[in-house]
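Student:
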Ligand code: HEC
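Residue numbers (my numbering): 0 to 125.
Below is the structure:
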């Protein structure tokens, strides 16, 4: 009985902190709309195809250049990056500022809010 209560309270806390985080950091629903800018090159569904860019399912928390069957630039392979909120934020601001010779030819998202929203959306893809 005690155990059930503990599990319930843990999940309540998790749910609460999750909604607080997503409120403070970005809106995943808006992020889905921003993702339209990425769709020309990326799929986001589980097991989705690699297009011009790699599939992005589960990207948050992963090391860069890990998607099977995708041919990354040497620069991305050598980057040694892990995609957390900070590295994603920098990369999406201006990809070439973080990974100089990346083959992601995307100018970047200049608005802080758009990046926060898209990162919140990417976090839901787990
Ligand atoms: C014009 C095509 C294009 C667009 C648009 C684009 N990307 Fe990319 N993206 C790429 C390519 C190509 C790569 C591989 C980069 C490399 O190997 O250097 C990549 C790589 C990435 C990576 C690293 C993936 C990994 O497995 O390490 C992330 C994260 C990413 N893109 C996110 C985004 C997001 C989010 C958007 C929209 C805001 C976006 N991209 C828009 C082409 C694109």
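We put the CB at the ideal spot given by N, CA and C, even for glycine.
Assuming residue 40 contacts residue 28 (C-beta within less than 8 Å), just tell me the rounded distance between them.
Tutor: Not confirmed; about 22 Å, so no contact.
Student: Residue 122: which of 110, 104 and 44 sits nearest, CA to CA?
Tutor: Of the listed residues, the one whose Cα sits closest to residue 122 is 44.
Student: Can you give me the start and stop residues for the alpha helix (DSSP H) that residue 132 sits inside?
Tutor: Residue 132 lies beyond the range of the chain shown here (0 to 125); nothing can be said about it.
Student: So, for residue 24: in the same chain, excluding its five sequence neighbours on each side, which residues have a beta-carbon less than 8 Å away from its beta-carbon?
Tutor: Hits under 8 Å: 84, 115, 118 and 119.
Student: Going by the C-beta, is residue 124 closer than 7 Å to any heavy atom of the ligand HEM?
Tutor: The ligand HEM is absent from the structure shown, which contains only the ligand HEC.
Student: In its own chain, which residues sit with a C-beta less than 7 Å from the C-beta of residue 57, not counting the 5 before and 5 after it?
Tutor: Taken in chain order, the residues that qualify are 124 and 125.
Student: What does residue 81 pair with, by DSSP beta-bridge criteria?
Tutor: Paired residues: 62.
Student: Please confirm whether any heavy atom of the ligand HEC lies closer than 7 Å to the CB of residue 52.
Tutor: Yes, since a heavy atom of the ligand HEC falls inside the 7 Å radius drawn around the Cβ of residue 52.
Student: Looking only at its own chain, which residues have a Cβ that is under 6 Å from the Cβ of residue 91, when we skip the five neighbours before and after it?
Tutor: Once the five neighbours on either side are set aside, the close Cβ partners of residue 91 are 108 and 114.
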